[in-house]
Amino acid sequence: MNLDKDPAALEAEKRREQLRQLEHDMKTYLGVITTGLHALKLVRENPDDFDEMHQTIEKEGVDPLKAIVAQIINLTLKESE
Amino acid sequence: MRSPENSPEQEDRRLRQTVQDIVALTALPTTWTGLSPQEIVTSLSDALFDTLSLDLLYLRVGEVGRAGVVEVVRTSTKSGSDAVDSERIRDSFASTLSVHGEDPPTSIPHPSGSGTLRIAVTQFGVASEVGVLVIGSDNREFPTERDSLLARVGANEINTVLQHWNADEDGRRLQAAIANSSAEPDETARFLASIITSSNDAIISKTLDGTIRSWNAAAERIFGYTAEQAIGRHISMLIPPERAGEEDRIIAQLRAGQRVEHFNTVRVKSNGERVYVSLTISPIRDAEGRIIGASKIARDITRQKEAEEQLRESEERFVQLGNAISQLAWMAQPDGHIDWYNDRWYEYTGTTFQEMEGWGWKSVHAPEVLPEVVENWQKALESGEPFEMVFPLKGADGVFRPFLTRIIPFRDRDGRIIRWFGTNTDISGVKRTEEELQEARSRLESTLTAGEIGTWEYDTVQNVLRADGNLARMFGVSLDATADSPIESYLSAIHADDREGVQGVIKQAMEFGDDYEVEFRIDGPDQSVRWVIARGRVERDHTGQAIRLPGVVVDITEQKQIEKALQENQERLRLALDSAELGTWNIDPESNHLTSDERFRMIFHACDEPLSYEEAFAAIHPDDRQRIRDAVDAATRLEDPIPYAAEYRVVHPDESIHWVFAKGRGNFEQAAGGSKLTSFDGTVMDITQQRQMQEDLRDLAARLQFVVETSQIGVWDLNLVTGSTRRSAIHDKCFGYDDPLDEWSYEDFLGHVHPEDRAWVNERFQQTIEHDEEWSFECRVIWPNESVHWIEVHGSSYGKADGAQTSILGTVKDITGRKRQENSLRELAARLSEADRRKDEFLATLAHELRNPLAPIRTGLEVMRLSMGNPEMLEEVRRTMERQTQQLITLVDDLLDVSRITKGKLELHKSRVKLSDVVQSAVESSHPLIVEGRHELTVEIPDQEIELNADANRLAQVLSNLLNNSSKYTPEGGHIRLSAERQGNDVNIAVADNGIGIPAEMLGHMFEMLTQIARPQEKGYTGLGIGLSLVKSLVEMHGGRIDVYSEGVDKGSVFSVRLPIVSESQREDQTPEPTELRANRCVGRKVLVVDDNKAAAKTLSMAVKMLGNEVRSAHNGQEGIAVAELFLPDVILMDIGMPRMNGYEAARHIRRQAWGRDMLLVALTGWGQEQDRERTLEAGFNHHLVKPADPATIAELLADSPQGPAKDK
């Protein structure tokens, strides 16, 4: 039996890799938020830096994180059907 | 052999004894001198009584002088002799003796009281009285002539003496009377003289010197000497020289007073001839009793001797004759005492004379007939008549054979029986012949009757028909009815259609032929017809005229019926052969010629061409040929032939192979020298199709058997008629019997069915029988070891061709295992259903939990933008955002941890840790939630330090989870208490709250995955239901245990964790300081941040820079290497998954460079699994941090890193 050619196995492997990438990305974006918030505390005296950091957190952290959460939810709901 | 008594000799002896007794009696008075009358009478009585051997003597003499009546009674001992008896005896005579003029009685009742006594009465005159002498004896021949003579002599003597005694009572006169009585001739002397003179015997007296003194007439006749010639001469003139000693011996005996016994001898006559004489010699005494001479009585026994010789010779001849005859012979004395048997007797019976003598012959007679033989023999003895009788005698071989016994008496001249002579003739041969003849006659009659053969003979001369009963019966003719017209009676019985023909055949035979035979019918009663065959011959006189026609008539009705049946059978056989498609064959053993029909030839070579025996054999398949030869040999051998039945193949000319089945047998007939094979024949049938079907059936059966056995299916067949059941071994195993049972009935089956199932199982069984339905069900059965098993039963009725239901055939299978699996699956399905439900809840919760923190984060960003002027609000918002972010991070981490635990991939990094540090870390971690819930947290740990061998982070995670749990399930403003207490070698850590509590039914499920209890809606947050499961796993990985306690809803809850503590001896180094305590201690490092996510790189660079470090950044591996080579950082914080060159490759490259060999490389990646950590270490990284990395941790790493070129940790 050739597992490589088993569609179910391939699908499972693909799903695992997808989740793994989601985990990675989610943590990356959480890292952006975490370090961003930490940085905010340090740059709050400098409005430009604060604003830049603020946008970075929003655009590069929270928004992608929301998208990933939505993606995770869709994936798990689909799996539960 | 004992010699028979010689009657003449006996007579002679008697005579001589009589003379001697008379002499002695007449000499008796010489002894009476001086005796009284009583004594004289007694003396005489005694002498007579003894001499005559009497049983009774009665002597009475009347009025003898002064003595009066003298009376004497003598009786034998057996008659009794006491006084009373004498009186009674005398009285018995009185009546009979008192009557004068009548004949005296000849018998009286026996004095002993038994039977009668013969008596003789002698009356004599004594003076004026009459004397009576009565003598008696029980001898049948009493009184003999001698008895009477001696009685008269005695009576005369007493009469004479007593007459003188009466005349003169003086004793002297008595003496004179006695003297006169002797000296003068009286009646006695005359009597004696008369005897001597008239005697046929020579009576001679002589003196002691042998001189002859008297010589009677008989002596003259016997010896040839006259009295004158003999008297005065010496007796020796009569004695032959060779017997001279005899006289001397006799004289010597006489002188000595010895008795001279009677003897036979030879004497010499005057002419010199010898004469056989029988001598009786008695002494002669004088008045004083002295022996003065001798008397000699000589009887001429020459003729007797001659007779004896003749008798002896006759007897010898008789004995020789007796031994010469073929019969058994024997002789007996008159009383039946057998004293001789011939040799045949001894040869046949194997006995001896000693065994047979007298009545010993009884031993060779059959017990059942012996009484009759003895009775007949005794009757013959009594009657003296001959008799004959047939009875068996036992031979020496023990076998009884029939003998004809004839017995005849031999009589003497007086007609008295002197001997019995008997013969026994073996008639077993005769008997056998008679029996065989009788049997043959009976057999012939039976045969004729059984064979329904009638015999007849027609006398043509007298026109008389003589027929036996069989013929009459066969023709239905009464023998009486044939008297007038015999032939017509029989002819009329012949069937009308055959009568003329029969008459014609007989007529033709009488005219021209000798023999005839004709079959015809006889009309029987009730319209029945019988077939007969008449055979006979014609006997003619010397002129050729037929005079007699003897013949037989045989009933052949059955033969005719058999012939008809045979024809019908042959026709049926032909039809059967046709319908069965049987070919027939016949082999003549003499010529090996094969006779076959068309079908045989078609079967053997597919055409009707002739087929020889050899060709037929050649058509048999080579592999079968020898087997068939052997079978043929076995069927045709003479001894113990075996019927021929075989299946084999024949090969047709087109080489097609056909299976045939052949049956046959050898036919034998009895011939001289044994049996002989006359033919060998049989049938053959093409069974190719049947064989193929059998093969298919066998193959099907084998496959079915395989399926049944491999499927462990038991098979059963219940006979509804007998109640018995045939089963396979697996059937019995289904009921718990490894060894097959002998018997099994439906009742046995029902008895094994579980009591709760029994009623409906039986009901379905009855329905199966009544409605011919399938019987299929599953039920429980109880094995002998009381264990309960499940079986699956299928049954279906089947019966005979007529549709009668006779059996139920079915299967049974132990499905206990399947039932268990079904139950397990059912339980599993239930669990899966529950798990599925929990999963759905989990997913719903997960969506909520993931979205939840995002809203405050995003809102917080907006608030922060608006709060730039308000540093306090800004900080508050930022903290809130940090909490939400941390909550999101915790959520993701918990999920990943649970996943790792489930997969067994979570590893603890244990070290000695202080409980207080762990508690502090946990409280700090949970502090935001506790603050958010406005709860009051109380921490109580012992003052004395407690150390644990644990993974500090994971243990802090445990306590933090418990604190977070209490925060979530405790209404705002609640009380949470974290306490620790040492208990022996363990520490018991408890987290208690006054929250919503736990329902009792939930307590046992609190640590299961995805378990949640309802919490107030206003709290909104319920969690994923994985925290406590994760806590429990982590506690147990530390060798501890966790328990939960709650008094119920709204009663709060207590979670207690029990962990082993490190003993004093196990303590080593102090726990490292908490990370937070060392944060921000060190700055001024050169740090390179490499991340393809520019935002991540930017925020991290800013955070690191804010700590006082010099920071550069790059966005892929190659760029990172390039920057690093120029920048020569102290620390590189590098992502792994990057385009163009990933972190692993970049790290390996840097480590290969001289400038990068000592740098501190820290992997900062979203991948945090163990294999990810291993790969980063392998690539050359010093540390592996999982995003989002705690800024404090990064600060600590930077602080601990060496300034300048870094060293490996």
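Top to bottom, those sequences are chains G and R.
In this text, residue positions in the first sequence follow my numbering: the first is 1, and each later residue adds one.
In this text, residue positions in the second sequence follow my numbering: the first is 10001, and each later residue adds one.
Idealized CB from N, CA, C, for every residue including glycine.
As computed with DSSP, Ser10214 (chain R) is found in a beta bridge with R:Ser10205. With a cutoff of 9 Å on beta-carbon distance, Arg10419 (chain R) and Ala10332 (chain R) are scored as near each other. Along the length of the stretch 10265-10351 of chain R, whole beta strand (DSSP E) runs at least 3 residues long occupy 10274-10285, 10291-10300, 10328-10332 and 10338-10341, reported in chain order. Phe10735 (chain R) is not a Cβ neighbour of Trp10790 (chain R), given a cutoff of 9 Å.
Counted as a single uninterrupted DSSP element, the stretch harbouring Pro10871 (chain R) is not any beta strand (DSSP E) but the alpha helix (DSSP H) occupying residues Pro10871 to Thr10902. The beta carbons of Thr10683 (chain R) and Thr10584 (chain R) sit closer together than 9 Å.
Excluding residues up to 5 positions away in sequence, Glu10647, Arg10649, Ile10687, Thr10688 and Arg10691 lie with their Cβ nearer than 7 Å to the Cβ of Trp10659 (chain R) in the same chain. At the C-beta level, Glu10500 (chain R) and Ala10546 (chain R) stay beyond 9 Å of one another. Contact check between the stretch 22-38 of chain G and the stretch 11099-11109 of chain R: three or more CB pairs, one atom from each, fall below 8 Å, which counts as touching.
Within chain R, the C-beta atoms nearer than 7 Å to that of Ala39 (chain G) come from Thr11099, Met11102, Ala11103 and Met11106, in chain order.
DSSP assignment within the stretch 10458-10537 of chain R yields the following whole beta strand (DSSP E) runs of 3 residues or more, N-terminal first: 10464-10467, 10515-10523 and 10529-10537. In this structure, Leu10677 (chain R) and Val10553 (chain R) do not form a Cβ contact; the two beta carbons are roughly 38 Å apart against a cut-off of 8 Å. A distance of 9 Å or more separates the beta carbons of Ala10952 (chain R) and Asp10897 (chain R). DSSP, reduced to helix, strand and coil, places Phe10410 (chain R) within a strand of the structure shown.
In the DSSP assignment, Ile10998 (chain R) falls outside any alpha helix (DSSP H), carrying neither H nor E.
Taking Lys11187 (chain R) as the centre and dropping the five residues before and after it, the same chain places the C-beta of Leu11164, Thr11165 and Gly11166 closer than 7 Å to its C-beta, in chain order. Residues of the same chain with a CB within less than 8 Å of the CB of Ser10728 (chain R), apart from the 5 flanking positions on each side, are Val10708, Gly10714, Val10715 and Trp10716 in chain order.
Against chain R, a Cβ distance below 7 Å from Leu30 (chain G) picks out Thr10885, Leu10888, Ile10889, Lys11187 and Pro11188.
Chain-ordered listing is empty here: chain R has no CB closer than 9 Å to the CB of Arg15 (chain G), the nearest sitting near 14 Å. Within the same chain, and ignoring the five residues on either side of Phe11181 (chain R) in sequence, the residues whose Cβ sits closer than 7 Å to its Cβ are Ala11147, Leu11161, Val11162 and Ala11163. Under the Cβ criterion (8 Å, minimum of three pairs), the stretch 10142-10151 of chain R counts as touching the stretch 10021-10032 of chain R.
Three or more beta-carbon pairs drawn from the stretch 11046-11060 of chain R and the stretch 10955-10966 of chain R are found closer than 8 Å, and the two stretches are therefore classed as touching. Within chain R, the residues placing a beta-carbon under 8 Å from that of Asp25 (chain G) are Gly11166, ordered along the chain.
Under DSSP, Arg10074 (chain R) forms a beta bridge with R:Leu10057. Secondary structure of Arg20 (chain G) (DSSP, three-state): helix. Secondary structure at Glu10834 (chain R): helix, using DSSP grouped into helix, strand and coil. Listed along the chain, the chain G residues whose CB falls inside 8 Å of the CB of Leu10861 (chain R) are His54, Ile57, Glu58 and Val62. With respect to chain G, the C-beta atom of Asp10894 (chain R) has no partner C-beta closer than 9 Å. As computed with DSSP, Tyr10644 (chain R) is found in a beta bridge with R:Gly10664. When only Cα atoms are considered, Asp10578 (chain R) and Asp10699 (chain R) end up about 32 Å apart. Leu10948 (chain R) is positioned such that its CB atom lies no closer than 9 Å to that of Leu11034 (chain R). Nearest CB-CB separation between Ala10662 (chain R) and chain G: not below the 9 Å threshold. Its Cα nearest to that of Glu10876 (chain R), the residue G:Lys41 stands out among G:Lys66, G:Lys41, G:Glu58 and G:Glu23. Shown here, Gly10583 (chain R) sits in a strand according to DSSP, grouped into three states.
The straight-line gap separating the alpha-carbon atoms of Thr10890 (chain R) and Ile10941 (chain R) is approximately 26 Å. Using a Cβ-Cβ cut-off of 7 Å, Glu10882 (chain R) is close to Leu37 of chain G, given in chain order.
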